[in-house]
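Quick mapping for you: the protein sequence lines, in order, are chains A and B. If you're matching positions, the first sequence starts at -10 in my numbering and goes up one per residue. If you're matching positions, the second sequence starts at 993 in my numbering and goes up one per residue. Single-structure report; data block below.
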Amino acid sequence: MNIIVCAKQVVDVAEIKVDPATRKPILAGVPQKISDMDKNALEEAIKIKEKHGGKITVVTVGAPDAKERIKELLAMGADEAILVAQPAQVDYHMIAHLLAGAIQKLGAYDIILCGEASIDMFSGQIGPRLAGLLHIPQITYAQQMTVEPSMVVSEKNLGEKSITMESSFPVLLTVTKESNQPRLPSLMAILASSSKPIHEWSVADVTSQTLQPKVQTLDVKGIPMQRKNIIYQDDLDQSVGKLVDELAKVGVLR
Amino acid sequence: MVLVYSDDPKLVYELLHTARDLAKELTEKTIAVAIGSDKHAKDYLEYGADVVIVAQTTQQQFKAEEYTSILLSILKDQRNEVVLIGSNKNGKELASRLAAELDAGCVIDATAVYLQEKKLTTERVVYSGNAIAVEQFMGSPQIVTIPPKVFDPLPKNPDHKGEIIKKTIDPEQSASKILKVQEMKSEGVKRQDAQIIVSCGRGFKKKEDIKLVSELADVLKGRTVGCSRPIAADLKWLSEDHWIGLSGHKVKPKLYVACGISGQIQHIAGMRDSGVIVAINKDPEALIFKSADYGIVGDLYEVLPKLTSAIKEKIG
């Protein structure tokens, strides 16, 4: 079975600090990692390979330093990786075309797995866009999946509803963070992964189209968060008393 | 034209407000699309649509591929300027696939949509609730999804008349199919509409202890309990409809009480618009205090019973 996993290198959002003066996020120096749900996607791919055999190829559009993060995915269990050089200005439209181009160049595939969204931007556009460009069915927010030799049955989580879907191959699924617990590679696996190939492709290698962004980012601004920050930490009874008085005064105890 | 679609009629009412504003500035028409049923077509007119297109189709349930195909066949007859789609999970995957088919730009979960130098500009929350990205479209069509509660609907106007066009559409069939639809276990409380929410996090040692939170919620007459990700997603002590945060529900109550919640940015993103925020946590360094109006540093097993009885006494 040929399985493709799309992965993105992102800033670790949990490590982002906010500039107290401008309230803008400080992104310089924030560690990079593979987006969480992309690892869930790879974990699903590994489980499918364990059951049916086959090959797992990771496809990434990113900066050259993404290579370091991709090694982690090879250590987890991917067989090889493609890193497509990311143009200076990109949007979801361009990334989806670059991924689609790389996947078509790789040849026949059965299943494409993506994270439901990336933890930095959380749009979730790439999976459905890619399925649209490749004209294949999409099953988003997959919480659980059972793969048979020629089809997949998957449960998608819509919060108030759960929908069970079936699709033949090729198919694209996006997986949620709850779908599984991505494995940690053993030291042996890390050592063994150094011989697995990471192919670096240029934009011209994957598409003959001249891609231009359809959406540009004008600014990334801070979020004003003005809170009173009145914290009581002395005697507990007094603290509770003061809090209740304040809440009554601001009119929320009715 | 400015086209509006959602599978949730309430979201269509809300989106029609901003659609009308944009249409006026662009001197365009506002078109609402209903798929499968004309039940709400008249309502759409009264909430501000100039035209309602009812797609009559064999596809009864939402499926991204077929619904994309239906919207494509509607859009090909129109000069498609702006497409606004309600941002629930169905809407997001539909908008993204539609964007790919049209080779169009798309912004998901916009909280502001306006024209700047005649160009469609949007704002949305990024970096786990730490920043707002201001983005601008270059060229048409332009697809934007907007979450619930961002806009209020215009007052319903029974005198606002318009045209209802019925169109039979046989969408291209995808190779996937729906086998089963199951309602998830829910206690039927609409967290998005709650006025007072008391929420719990990892500070609780076991499932039974959550009753401390419901007792407080009861005296506050809120009766609404929320929680952070670990309680719903990992420990499963509460069903997922309690989960408040970036990938759970976003809430805007007048009072939000966070008990034993550390204040991860993902959680803050779900409750930052609350009126008054109260935090209870034993760690004085907990991030939640930075986002709170009032806080008590203390063991929630001691604080909550005292707070519950003090409030009971105060409001009788």
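Where a beta carbon is used, it is the ideal one built from N, C-alpha and C, also for glycine.
Residue burial classification, residue i (beta-carbon count within 10 angstroms, cutoff 16)
{"i": "residue 1038 of chain B", "result": "buried"}
{"i": "residue 180 of chain A", "result": "exposed"}
{"i": "residue 218 of chain A", "result": "exposed"}
{"i": "residue 1017 of chain B", "result": "exposed"}
{"i": "residue 162 of chain A", "result": "buried"}
{"i": "residue 1174 of chain B", "result": "exposed"}
{"i": "residue 1166 of chain B", "result": "buried"}
{"i": "residue 1222 of chain B", "result": "buried"}
{"i": "residue 176 of chain A", "result": "exposed"}
{"i": "residue 1285 of chain B", "result": "buried"}
{"i": "residue 1071 of chain B", "result": "exposed"}
{"i": "residue 17 of chain A", "result": "exposed"}
{"i": "residue 1062 of chain B", "result": "buried"}
{"i": "residue 193 of chain A", "result": "exposed"}
{"i": "residue 198 of chain A", "result": "exposed"}
{"i": "residue 101 of chain A", "result": "buried"}
{"i": "residue 1276 of chain B", "result": "exposed"}
{"i": "residue 86 of chain A", "result": "buried"}
{"i": "residue 1252 of chain B", "result": "buried"}
{"i": "residue 41 of chain A", "result": "exposed"}
Neighbour list for residue i in chain A, Cβ cutoff strictly below 8 Å
{"i": "residue 1060 of chain B", "result": "121"}
{"i": "residue 1089 of chain B", "result": "117, 118, 120, 121, 127"}
{"i": "residue 1257 of chain B", "result": "2, 3, 5"}
Beta-carbon proximity of residue i to residue j, cut-off 8 Å
{"i": "residue 1176 of chain B", "j": "residue 149 of chain A", "result": "yes"}
{"i": "residue 33 of chain A", "j": "residue 164 of chain A", "result": "yes"}
{"i": "residue 225 of chain A", "j": "residue 1298 of chain B", "result": "yes"}
{"i": "residue 1190 of chain B", "j": "residue 1249 of chain B", "result": "yes"}
{"i": "residue 49 of chain A", "j": "residue 19 of chain A", "result": "no"}
{"i": "residue 1207 of chain B", "j": "residue 1300 of chain B", "result": "yes"}
{"i": "residue 159 of chain A", "j": "residue 1085 of chain B", "result": "no"}
{"i": "residue 52 of chain A", "j": "residue 75 of chain A", "result": "yes"}
{"i": "residue -5 of chain A", "j": "residue 27 of chain A", "result": "yes"}
{"i": "residue 1193 of chain B", "j": "residue 1254 of chain B", "result": "yes"}
{"i": "residue 1043 of chain B", "j": "residue 1154 of chain B", "result": "yes"}
{"i": "residue -3 of chain A", "j": "residue 82 of chain A", "result": "no"}
{"i": "residue 1125 of chain B", "j": "residue 206 of chain A", "result": "yes"}
{"i": "residue 1168 of chain B", "j": "residue 155 of chain A", "result": "yes"}
{"i": "residue 997 of chain B", "j": "residue 1100 of chain B", "result": "no"}
{"i": "residue 123 of chain A", "j": "residue 89 of chain A", "result": "yes"}
{"i": "residue 1188 of chain B", "j": "residue 1196 of chain B", "result": "no"}
{"i": "residue 1047 of chain B", "j": "residue 1170 of chain B", "result": "no"}
{"i": "residue 1146 of chain B", "j": "residue 1012 of chain B", "result": "yes"}
{"i": "residue 1306 of chain B", "j": "residue 237 of chain A", "result": "yes"}
Proximity to residue i [Cα-Cα], best of the options
{"i": "residue 38 of chain A", "options": "A:99, A:71, A:228", "result": "A:99"}
{"i": "residue 1082 of chain B", "options": "A:129, A:232, A:162, A:201", "result": "A:129"}
{"i": "residue 67 of chain A", "options": "A:187, A:228, A:210", "result": "A:187"}
{"i": "residue 250 of chain A", "options": "A:238, A:133, A:7", "result": "Because chain A in this structure spans residues -10 to 243, residue 250 of chain A falls outside the shown range and cannot be described."}
{"i": "residue 1045 of chain B", "options": "B:998, B:1125, B:1026", "result": "B:1026"}
{"i": "residue 220 of chain A", "options": "B:1254, B:1064, B:1104, B:1273", "result": "B:1273"}
{"i": "residue 1230 of chain B", "options": "B:1053, B:1010, B:1220", "result": "B:1220"}
{"i": "residue 1288 of chain B", "options": "B:1055, B:1270, B:1302", "result": "B:1270"}
{"i": "residue 36 of chain A", "options": "A:196, A:137, A:200", "result": "A:137"}
{"i": "residue 1385 of chain B", "options": "B:1105, B:1140, B:1113", "result": "Residue coverage of chain B in this structure runs from 993 to 1308, which leaves residue 1385 of chain B outside it and unanswerable."}
{"i": "residue 96 of chain A", "options": "A:77, A:172, A:127, A:195", "result": "A:195"}
{"i": "residue 127 of chain A", "options": "B:1307, B:1057, B:1151", "result": "B:1057"}
{"i": "residue 1143 of chain B", "options": "B:1204, B:1010, B:1130", "result": "B:1010"}
Contacts that residue i makes with chain B (C-beta to C-beta distance below 7 Å)
{"i": "residue 247 of chain A", "result": "Examination of residue 247 of chain A is not possible in this model, given that chain A is present from -10 through 243 alone."}
{"i": "residue 235 of chain A", "result": "1286"}
{"i": "residue 18 of chain A", "result": "Those within 7 Å of residue 18 of chain A in chain B number zero; the least Cβ separation is about 14 Å."}
{"i": "residue 138 of chain A", "result": "Chain B residues near residue 138 of chain A: none, gap ~16 Å exceeds 7 Å."}
Closer than 9 Å at the beta carbon, the chain B residues around residue i
{"i": "residue 151 of chain A", "result": "1172, 1173, 1174, 1175, 1176"}
{"i": "residue 130 of chain A", "result": "1081, 1085"}
Supposed contact pair residue j and residue i - C-beta distance, whole angstroms, cut 8 Å
{"i": "residue 64 of chain A", "j": "residue 47 of chain A", "result": "The pair is not a contact, with the Cβ atoms about 11 Å apart (cut-off 8 Å)."}
{"i": "residue 1118 of chain B", "j": "residue 0 of chain A", "result": "Wrong, their Cβ atoms sit about 11 Å apart, outside the cutoff."}
{"i": "residue -9 of chain A", "j": "residue 168 of chain A", "result": "Not really, about 21 Å apart at Cβ, beyond 8 Å."}
{"i": "residue 1049 of chain B", "j": "residue 1087 of chain B", "result": "So it is not a contact: roughly 19 Å between Cβ atoms."}
{"i": "residue 1024 of chain B", "j": "residue 1008 of chain B", "result": "6 Å"}
{"i": "residue 1096 of chain B", "j": "residue 1135 of chain B", "result": "6 Å"}
{"i": "residue 1035 of chain B", "j": "residue 1001 of chain B", "result": "7 Å"}
{"i": "residue 1163 of chain B", "j": "residue 1075 of chain B", "result": "At roughly 17 Å, the Cβ-Cβ gap does not stay under 8 Å, so residue 1163 of chain B and residue 1075 of chain B are not in contact."}
Contact set between residue i and chain B, taken where Cβ atoms lie within less than 8 Å
{"i": "residue 126 of chain A", "result": "1057, 1166, 1167, 1168"}
{"i": "residue 218 of chain A", "result": "1281, 1282, 1284, 1285, 1287"}
Residue i Cβ short of 7 Å to the ligand MN heavy atom set
{"i": "residue 75 of chain A", "result": "As far as ligands go, the structure on display features none, and thus does not contain the ligand MN."}
Proximal chain A residues relative to residue i, where beta-carbon distance stays under 7 Å
{"i": "residue 1093 of chain B", "result": "121"}
{"i": "residue 1307 of chain B", "result": "242"}
{"i": "residue 1246 of chain B", "result": "241"}
Chain A residues whose Cβ lies nearer than 9 Å to that of residue i
{"i": "residue 1128 of chain B", "result": "204, 205, 206, 207"}
{"i": "residue 1027 of chain B", "result": "The contacting residues do not exist; residue 1027 of chain B stays about 17 Å from chain A at best."}
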